[in-house]
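Quick notes on the structure that follows.
In my numbering, the protein residues as written are 23 to 409.
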């Protein structure tokens, strides 16, 4: 059953779209056979609200960390780093950044040393705040997160931190991209640990920005454990995880009396390229549980049939949501048996969250999608009858 996309809650200016537009801000479902839809999908991908590995906004923010012969942007070093990132040569980019990172670290240590001389008393290291920025909409930030962001000396940020959130960082702070995407990790997890530790020991107020919640598939627990073992004070500022934020956006209750008695968060991202998310299919195939799959685009074609094999009804309602809560939000409602085909037809890209369960049918947009699908089928039958 093909189901239509719902328009996002955040609308662009009326003058920028038409009623029949196939852009990511409309309700038309992209079709793989439509060149216009394919072009619109490409535009949507280019207009991502999130930080991308090779985006110009990223290199403007991080320009300080590259050595350059002049002050113009893009600098030769930043341009070289962008080329390195685009081709996946992370070591080249890191080599360009290291001199400036060392200078900043030495400056912080020197500043801390002067402070100690003036105070005549010992001072402890800086602190690290692991801050969740939610699914993308900056209005979903907590007040505590905003205060931490604005007070930072150094901000290490991930790919799924939205550009609007980064605009809140104070003018005196330095930003450093440490995001990961398929085929390109700007920093290994171990390198991120060492960066956090080095700058915290130098006395800096370090903020580690993560999309969603730091402790929900964000590896925040690993960073917290590492830093605490080194004697660094760590504060965790929770964020609205994508499951909660996107479900609320679509009017889907993750639990509902008589419909779903529990909710289960599942990572669809295989560790080291393995198939580990698929091994939980037997236990996850519970009709009374809402299943939320993070980072599941690549493994969905394998996961969906396994869920049905282990007892989840093929007509279980489901939805896949790309860039949820942002103006570029796109979504596909479908039954579980049709979900893989519909996601493929819509050409959804990361980040996409998948919600599977009877509660999806409680969304008002499920009704709208079903009605639109019925109308499409009726028109198709009339066309066939005329031939």
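We put the CB at the ideal spot given by N, CA and C, even for glycine. The structure displayed is predicted, hence computed values, not measured ones.
Where residue i sits in the DSSP three-state scheme
| i | result |
| --- | --- |
| residue 291 | coil |
| residue 184 | strand |
| residue 222 | helix |
| residue 257 | strand |
| residue 284 | strand |
| residue 267 | helix |
| residue 339 | strand |
| residue 171 | helix |
| residue 273 | coil |
| residue 332 | coil |
Chain-order list of residues whose beta-carbon lies under 6 Å from that of residue i (same chain, five-residue window excluded)
| i | result |
| --- | --- |
| residue 333 | 307 |
| residue 235 | 154, 260, 261, 263 |
| residue 281 | 380, 381 |
Pair within 7 Å by beta-carbon distance, residue i and residue j
| i | j | result |
| --- | --- | --- |
| residue 362 | residue 326 | yes |
| residue 263 | residue 285 | no |
| residue 110 | residue 206 | yes |
| residue 375 | residue 346 | yes |
| residue 69 | residue 350 | yes |
| residue 83 | residue 197 | yes |
| residue 73 | residue 181 | yes |
| residue 322 | residue 340 | no |
Residue i classed as buried or exposed, judged by whether at least 16 other C-beta atoms fall within 10 angstroms
| i | result |
| --- | --- |
| residue 108 | exposed |
| residue 267 | buried |
| residue 487 | Since the first residue of the chain shown is 23 and the last is 409, residue 487 is not available in this structure. |
| residue 232 | buried |
| residue 210 | exposed |
| residue 387 | buried |
| residue 216 | exposed |
| residue 338 | buried |
| residue 165 | exposed |
| residue 157 | buried |
| residue 224 | buried |
7 Å CB neighbourhood of residue i in its chain, flanking five on each side removed
| i | result |
| --- | --- |
| residue 289 | 239, 299, 316, 317 |
| residue 226 | 130, 148, 175, 176 |
| residue 122 | 86, 87, 88, 89 |
| residue 160 | 184, 186, 187 |
Cβ separation of residue i and residue j, assumed to be a contact under 8 Å, to the nearest whole Å
| i | j | result |
| --- | --- | --- |
| residue 230 | residue 151 | 7 Å |
| residue 303 | residue 328 | 4 Å |
| residue 265 | residue 314 | 4 Å |
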